Each structure stands twice: as C-alpha cells, then as structure tokens.
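Undergrad: Quick mapping for you: the protein sequence lines, in order, are chains A and B.
Quick note on numbering: the first sequence equals residues 21 to 262 in the numbering used here.
Quick note on numbering: the second sequence equals residues -7 to 210 in the numbering used here.
Note that CB positions come from ideal geometry on N, CA and C, so glycine has one too.
Being a predicted model, the structure only gives us computed values, none of them experimental.
The following block contains the structure, expressed as structure tokens.
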Amino acid sequence: MSLWEYANPQKFMQLSRWVLPFVAAASVLCLVIGLAWGFFWTPDDYKQGSTVKIFYLHVPAAMMAINAWVMMLVTSLVWLIRRHHVSALAAKAAAPVGLTFTLIALATGALWGQPMWGTWWAWDPRLTSFLILALFYLGYIALWQAVDDPDTAADLTSVLCIVGSVFALLSRYAVNFWNQGLHQGASLSLDKKENVADVFWYPALVCIAGFVLLFISLVLLRTRTEIRSRRLGALLARERMG
Amino acid sequence: MIALLVRDMRLAMRAGGGFGLGLAFFLLVAVLVPLGVGPNSALLAKIAPGILWVGALLACLLSLDRLFALDFEDGSLDLLVTAPIPLEGAVAIKALAHWLVTGLPLTLIAPVLGVLLNLPEAGYFWLVVSLALGTPALSVIGAFGAALTVGLKRGGLLLSLLVLPLYVPTLIFGAEVVKRGADGMATATPLALLAAITAGVAALLPFASAAAIRINLR
C-alpha cells in the first residue's frame, strides 16, 4: 500500500468520495467557529479598532494562495516525472481556487488598507508580489483553456508552472529591492508566537485550519469533476466511433 | 548553427519580417507619453527611465509571436527538431537572432528617445548599458513564451499574458539601473542583478523552451 495507488483514477474516486464529505464538513465547522469567534468574541485592537478582524480572512487566504501554487508545482512535477493523470488534473483544479484566494487576500487587504493606511492600494513589495502572483495564476489558467489536447495542455502548463515558480520567487525579491515596505512583516510563524496575543492567535489558528480544509475539499471536488468530464469525453468519443 | 542565425536574421530583415515595427512602436511610445502626461520637463526627466524600459519591453513583445510560429507553419520547425544540432541550441540561436534584430536596435535608438523624454545627462550611458545587458533576457524569456504557444491559433494575446509576468524582475532591475544612473547614484548592485538574470535565463530557459516545443510538436 503506497501513496501512488491513489494515482489510479478509480482508487482516487473511491477514496475521495468517502473523504470529501468529512473534509468539507470539517472545513465549514472550522470556518464558522473560527470566523464567529474572531468577529464576535475577540476584543478590538487598541489602535486598529475592529478593522483588525478582517485578518481572520486575510491571513489564511494569503497563506493558501501561496500554498496552492506550491501544491500545483509539486503535482506538476509528479505529472512530468511519473505521468499520473490525477496529478495533472489536481493541478488544473487547484489553479482557480488559488487565484480566488489571491483575490480574496488582495480585496480584504484593500478594505483594511483604506482606513488604516489611508489608501486602497500601495505599491508595497508584498502587495505587488501578490498582484504578480495573480497574473501568474491567470496565465496558467489561460494556457490550460487554450490548448485542446489534454495531455499537451498538462505538459505545457507543468513546464510553465516550474518556470513560473522560479520567476515568482525572483519577482518577490526584485520588488523587495524596488520599494520599501509598508506592509508589516510576518506576524505568524511556527517557532515563535509572541507577536500575536493568544486571544487573537487561537481563532486565527482555527480559521487557518478551516481555509486549509476548504482548499483540500475544493480541490478534491474539482479534481473529481475533471475526472468525470474526462470519462465523459472518452464515452462520447467511443459513441462516435461505434 | 551560424547558418540558422544568418537565415533567421535575413528573414526578419526582409520585407514582411517586421524588423522596423518594433523600432517604430518604441518611437511612438516615446512620442505619446509626453503628449499624454504633458510637456513638464522635470516630470518627464523623472519618469523617462521607466518609460524607456517599458517601451523597449513592449516593442520586444511585438515580434515574439513570429519567433516560432512562422517556422511552425511552413514545417521548418519540424526539421529543426529532427536536425542533428540540439534543439536547445537552436532555440538559443533563434533567441539570439531575435535579439540582434529587435533588442540591439532598440538599445542603439534608446538614447535618441531619451532626448525626447528629457532624460538627465548622466542617464544616457546607463540606459544603453542596461538595455544592452537586459534585452537579451527579454528575447530568451520571450522565446520560452513563444515555444509554449507555438501550436495555438490565437497565441498572440496569450503569449503576452504568459510573458509579461516573467518580465517583471528584468524590468525592475533594468529601470532601476537607469534611474540610479540618472540620479548619479551607484548602479553596481542592480546592474549585477540584471546581468545575473540575463546569464541565468540564457543558460537555463532554452531547455524549458525546447521541452515546450517538443511537447507542441508531438
């Protein structure tokens, strides 16, 4: 029994049919608890007032926007090396989800920035690199849409994903060089958590867990749809032949 | 390989090759921007480095979709793939040919357009140096985008969408060199980073481009 068994679409469909409801329910539970806890049962920040509460959406969305790309990179590599179709379809399924998370992070950031920084948008390194990340997602999705043959599309988008990852990293450091930051540094990290008081930290953790589970369930759902549409295409092709 | 270089350059220079198109576009950008933002010379001097770099970048983008598409249509790309020279080398040579007919002329004409945009005197040298160092990267990255979209019917717009985000680091460092040069500041750091990007993409991206072409011709 190894992980690669689930590269078989049949096995993947069986497992995901069973897992998906639990992951989806857990994600809804975490999001409801985390967001309600964050919005209603945490005190206002002494300087930022209630605007600080948007971070229960902003931070998890931003984290998952980056992690979704990393996941796409891994599945693209798996597709190129081991030619498992489920892997390529998972990357295809993750891209629109990642783009949505990127846009959520940008939009919530703008909503917070307007009262706090006095502007909807600033050419700050972090904001700029997120905008560039959104462009990378757009290009990746557009390439999937443009190529007709599914295997060619999977190959080309995988190559783009790998090259794009390198350039996304390069851009991240380039914009750092180009402008000084307005955005605060990372407040959350695994090794030290003194930056955030516990009252804010626990609901934030629940929200992050909710977003991770939401991402997993959306990707599972979309991958299942892709597999089904691939099967449907095969059936239709057989119909035409016979 | 030299024969390929000569052939590509000859094809690009002949009528219908679009040789002058990029230059004319670059000129138009340099004319239109002052018309748009007004003739205030202090303002123009301030934005000249960025405008010139963006203009060069867009002019470079114009001719990219012809890089492999024409060869794909008449079948010579298939010959290149099966030719005894490695496809990676052929891709690099084609990118070099693209640079020689677009990037190099853009570099040479840029100081003239700098006059139109009231670029400070100290900036001219750095403008030429940064474009000479940076535009090869634009051609190589563009060749990658062209390789990804070679089989597509409406590849042009998609090509821009794919390539422009990849141009971000080159643009930032290139424009930064000119900006610092024009302000009389030290330019060594962005110049070294720009050179590093050009060297890095020239060494590595032809492999990705060749892989994309092989996938597209499969």
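Give a yes or no on whether the minimum CB-CB distance between B:Ala200 and chain A is below 8 Å.
TA: Cβ-Cβ to chain A under 8 Å: yes for B:Ala200.
Undergrad: List the residues of chain A whose Cβ lies closer than 9 Å to the Cβ of B:Ile164, in chain order.
TA: Per Cβ cutoff of 9 Å: Ser191, Ala194, Val195, Phe197, Trp198.
Undergrad: Which of the residues in the stretch 160 to 191 of chain B, read from start to end, lie with their CB under 9 Å from any CB of chain A?
TA: Hits within the stretch, in order: Val160, Pro161, Thr162, Leu163, Ile164, Phe165, Ala167, Glu168, Thr181, Pro182, Leu185, Ile189.
Undergrad: Consider the Cβ of A:Asp175: report whether some Cβ of chain B lies at a distance smaller than 8 Å.
TA: For A:Asp175, the answer is yes, since a Cβ of chain B falls inside 8 Å of its Cβ.
Undergrad: How would you label A:Glu246, buried or exposed, when you count the other beta carbons within 10 angstroms and need 16 or more for buried?
TA: When all chains shown are included, A:Glu246 counts as buried.
Undergrad: Name, please, each residue of chain A whose Cβ falls closer than 7 Å to the Cβ of B:Phe136.
TA: Ordered by position in chain A, the residues that pass the 7 Å Cβ test against B:Phe136 are Val183.
Undergrad: Under 8 Å, Cβ to Cβ, is there at least one residue of chain A near B:Ile207?
TA: Chain A, which has a Cβ nearer than 8 Å to the Cβ of B:Ile207, makes this yes.
Undergrad: Between the beta-carbon of B:Trp91 and the beta-carbon of B:Thr141, is there less than 8 Å?
TA: No, Cβ-Cβ distance for B:Trp91 and B:Thr141 is not below 8 Å.
Undergrad: Pick out whichever of A:Asn28, A:Met84, A:Gln165 has its Cα sitting closest to the Cα of A:Val239.
TA: Here the closest residue by C-alpha is A:Met84.
Undergrad: Go through its chain and collect everything with a Cβ distance to B:Pro103's Cβ below 7 Å, but skip five positions before and after it.
TA: Tyr116, Leu119, Val120, listed in sequence order.
Undergrad: Indicate whether B:Leu123 and B:Ala48 have their beta-carbon atoms separated by less than 8 Å.
TA: Yes, Cβ-Cβ distance for B:Leu123 and B:Ala48 is below 8 Å.
Undergrad: What number of angstroms, rounded off, separates the C-alpha of B:Ala191 from the C-alpha of A:Ala162?
TA: About 29 Å.
Undergrad: Quick check on A:Phe269 - is its C-beta less than 8 Å from some C-beta in chain B?
TA: The requested residue 269 of chain A is not part of the displayed model; chain A covers only 21 to 262.
Undergrad: Using the beta-carbon of each residue, which ones in chain A are nearer than 9 Å to B:Leu130?
TA: Simply none; closest approach about 13 Å.
Undergrad: So, using beta-carbon positions, are A:Gly129 and A:Tyr157 closer together than 8 Å?
TA: No, they are not a contact pair.
Undergrad: Give the residues of chain A in contact with B:Leu158, contact being defined as C-beta atoms less than 7 Å apart.
TA: Ordered by position in chain A, the residues that pass the 7 Å Cβ test against B:Leu158 are Phe187.
Undergrad: Cβ atoms of A:Leu77 and A:Ile124: under 8 Å apart, would you say?
TA: Yes, Cβ-Cβ distance for A:Ile124 and A:Leu77 is below 8 Å.
Undergrad: Hey, A:Leu93 and B:Pro161: beta-carbon distance below 8 Å or not?
TA: It is not a contact, given that the beta carbons lie outside the stated cut-off.
Undergrad: Output the boundary residues of the alpha helix (DSSP H) element that contains B:Thr190.
TA: Residues 180 to 209.
Undergrad: Excluding the 5 residues flanking A:Trp110 on each side, which residues of the same chain have their C-beta closer than 7 Å to its C-beta?
TA: Checking the sequence shown, residue 110 of chain A turns out to be Ala, not Trp. Thr95, Val239, Thr243.
Undergrad: Whose C-beta lies closer than 6 Å to the C-beta of A:Leu241 among residues of the same chain, with five residues either side of it excluded?
TA: Excluding positions up to five away in sequence, the list is empty.
Undergrad: Output, in chain order, the set of chain B residues within a Cβ distance shorter than 7 Å of A:Gly118.
TA: The contacting residues do not exist; A:Gly118 stays about 14 Å from chain B at best.
Undergrad: For A:Leu252 and B:Asp0, what's the separation of their Cα atoms in angstroms?
TA: If I take the Cα positions, the gap works out to 45 Å.
Undergrad: Going along the chain, which residues of the stretch 143 to 160 of chain A sit with their C-beta nearer than 8 Å to a C-beta in chain B?
TA: Under the 8 Å Cβ criterion, the stretch 143 to 160 of chain A contributes Ile152, Leu155, Phe156, Leu158, Gly159.
Undergrad: So with CB distances below 7 Å, who are the chain A contacts of B:Ala48?
TA: Chain A residues near B:Ala48: none, gap ~17 Å exceeds 7 Å.
Undergrad: Among B:Val169, B:Ile189, B:Ala194, which residue has its Cα nearest to the Cα of B:Pro182?
TA: Out of B:Val169, B:Ile189, B:Ala194, B:Val169 has the C-alpha closest to the C-alpha of B:Pro182.
Undergrad: Quick one: give me the first and last residue of the alpha helix (DSSP H) that A:Val167 is part of.
TA: Taken as a continuous stretch (DSSP letters only), A:Val167 belongs to no alpha helix (DSSP H), as it is neither H nor E.
Undergrad: Residue range of the alpha helix (DSSP H) that B:His90 falls in?
TA: Run containing B:His90: 79 to 90, per the alpha helix (DSSP H) assignment.
Undergrad: Show which residues of chain B have a CB atom less than 8 Å away from the CB atom of A:Val167.
TA: Per Cβ cutoff of 8 Å: Gly143, Leu144.
Undergrad: If we cut at 8 Å on Cβ distances, does A:Val79 have a partner in chain B?
TA: False, the Cβ-Cβ gap to chain B never drops below 8 Å.
Undergrad: B:Ala203 versus chain D: which residues are under 7 Å apart at the beta carbon?
TA: Protein chains A and B are contained in the structure displayed, whereas chain D is not.
Undergrad: Less than 8 Å between the CB atoms is what I'm expecting for B:Leu44 and B:Leu130, so what's the real figure, rounded?
TA: No, B:Leu44 and B:Leu130 are not in contact; Cβ-Cβ is about 13 Å, not under 8 Å.
Undergrad: Is there a Cβ of chain A sitting closer than 8 Å to that of B:Leu140, yes or no?
TA: With 8 Å as the cut-off, B:Leu140 counts as an interface residue toward chain A.
Undergrad: Taking 8 Å as the cut-off, decide whether the C-beta atoms of B:Leu150 and A:Ala166 are in contact.
TA: Yes, the Cβ-Cβ distance between B:Leu150 and A:Ala166 is below 8 Å.
Undergrad: Can you list, in chain order, the residues of its chain with a C-beta nearer than 7 Å to that of A:Met91? Leave out the 5 residues immediately preceding and following it.
TA: Taken in chain order, the residues that qualify are Ala114.
Undergrad: Measuring alpha carbon to alpha carbon, tell me which residue in A:Arg258, A:Leu234, A:Ser249 is nearest A:Ala44.
TA: A:Ala44 has its Cα closest to that of A:Leu234, out of A:Arg258, A:Leu234, A:Ser249.
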